[in-house]
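Peer 1: Here it is, the structure in full.
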């Protein structure tokens, strides 16, 4: 059986990454890698769906066992990507989608030279502002912070293999599928 | 303006390459690179469409001027690919499709590191036999020769970037489009 392909996907918030991925993940040949964290679940979040929620000692035991592909600490909580589920699904011929911010992606770049890196970009920073305003879940200050963060993240774009601009959703989904299909057709050196 | 991409396409005869390419070339963003030759035009062949028909002195003058990307001699006739039309169309942002047999492709591999190499393969050698029999233009001996040649050409498959298996035409055309789109989305290093 052919090994699946690991697709590492990053995007500034407000790029519509979630919508694109939910469309892609309807396809059975993909496994979505769920991150592990020690932070408390928020309302509506499910264990194993949004995150694998672990206690601090559990997480640290896994660190000691070298079970993480990468992990980081934010606001006193651990966040990480477990190796085992990824390798398992890849060896079963399933593609794995790993959604991660740019620094995490760059760490994985070094560890998984066969992974393919996709950056989802907004048509412009102005579009992010409009989308976040429209979503209405963030206040003005948070939106500006998000836009400055998006600007920083866009600087990492050139470290990725592919850049998909999410202007029209249908086109972005089709572009994502083209990238996956082309990678499947690639001849392994 | 973005530079176009050079796609070098090879396939054993009987793979349906012609049908796939005619479907792809309906799209305006492609320019099909026409080979130059000193052989006589066959009935129905048009200058500038099937080949650029040149005299031997004309061809040799162009060789002396280093005007060819590659050229070869078969059965006492020259066949070659002119550089100028390719570079012109690429610089106008058009993609160029260059259909060439495997040896020619391998020469271009060295000269154009940015070109993308696509191999179109049959589902099996048996399919080639069936297609050639069905076409009914070759006798049994020629068909066997073509199949042995296809076998040899298939050995070069791993030197290409992508392999598209032409089993169902619609799928092969869609695969070709996916490769083109993915290459457009690639971030230039």
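Residue numbers (this note's numbering), protein chains in the order written: chain A, 31 to 219; chain B, 31 to 219.
C-beta: ideal position from N, C-alpha, C; glycine also.
As the structure is a prediction and not an experimental result, all values here were calculated from the model.
1. Using 8 Å for Cβ pairs, my map puts residue 48 (chain B) next to residue 126 (chain B). What's the rounded Cβ distance?
2. Figure out for me which residue from A:45, A:36, A:32, A:145 has the closest Cα to the Cα of residue 202 (chain A).
3. Leaving out five residues on either side along the sequence, give the residues of the same chain with a beta carbon under 7 Å from the beta carbon of residue 98 (chain A).
4. If you reduce the DSSP assignment to three classes, tell me which class residue 99 (chain A) lands in.
5. From this set, B:158, B:71, B:147, B:171, which residue's C-alpha is nearest residue 39 (chain B)'s C-alpha?
6. Using a C-beta cutoff of 8 Å, does residue 211 (chain B) count as contacting chain A?
7. Kindly indicate if chain A contains any beta-carbon less than 8 Å away from that of residue 104 (chain B).
8. Short of 6 Å in beta carbon distance, which residues of its chain neighbour residue 89 (chain A), apart from the five on each side in sequence? Order them along the chain.
9. Quick one: does residue 138 (chain A) have its CB under 8 Å from some CB of chain B?
10. Would you mind telling me which residues of chain A sit closer than 8 Å to residue 187 (chain B), beta carbon to beta carbon, in chain order?
11. Using a Cβ-Cβ cut-off of 8 Å, state whether residue 194 (chain A) counts as contacting chain B.
12. Starting from the C-beta of residue 158 (chain B), find all residues in its chain whose C-beta is less than 8 Å away, skip the five residues before and the five after it, and write them out in chain order.
13. Note the first and the last residue of the continuous beta strand (DSSP E) segment covering residue 151 (chain B).
14. Round the Cβ separation of residue 60 (chain A) and residue 124 (chain A) to the nearest angstrom and send it over; I've been treating them as touching at under 8 Å.
15. Any idea which residues DSSP pairs residue 129 (chain A) with across the strands?
Peer 2: Well, looking at it:
1. That pair is no contact at about 17 Å.
2. Measuring from the Cα of residue 202 (chain A), the nearest candidate turns out to be A:45.
3. Excluding sequence positions up to five before and after residue 98 (chain A), its CB lies within less than 7 Å of the CB of 92, 110, 111, 112, 113, all in the same chain and listed in chain order.
4. Three-state result, residue 99 (chain A): strand.
5. When C-alpha distances from residue 39 (chain B) are compared across B:158, B:71, B:147, B:171, the shortest belongs to B:147.
6. Closer than 8 Å to some Cβ of chain A, the Cβ of residue 211 (chain B) qualifies, so yes.
7. Not closer than 8 Å to any Cβ of chain A, the Cβ of residue 104 (chain B) fails to qualify, so no.
8. These residues qualify, in order along the chain: 68, 108.
9. When Cβ-Cβ separations below 8 Å define contact, residue 138 (chain A) makes no contact with chain B.
10. Neighbours of residue 187 (chain B) in chain A, taken as residues whose beta carbon is under 8 Å from its own, are 217 in chain order.
11. With 8 Å as the cut-off, residue 194 (chain A) counts as an interface residue toward chain B.
12. Sequence-distant Cβ neighbours of residue 158 (chain B) in its own chain, meaning closer than 8 Å and more than five residues away, are 42, 43, 44, 45, 152, 176, 177, 180.
13. Per DSSP, residue 151 (chain B) belongs to the beta strand (DSSP E) from 146-151.
14. Confirmed, Cβ separation roughly 7 Å.
15. Residue 129 (chain A) pairs with A:39.
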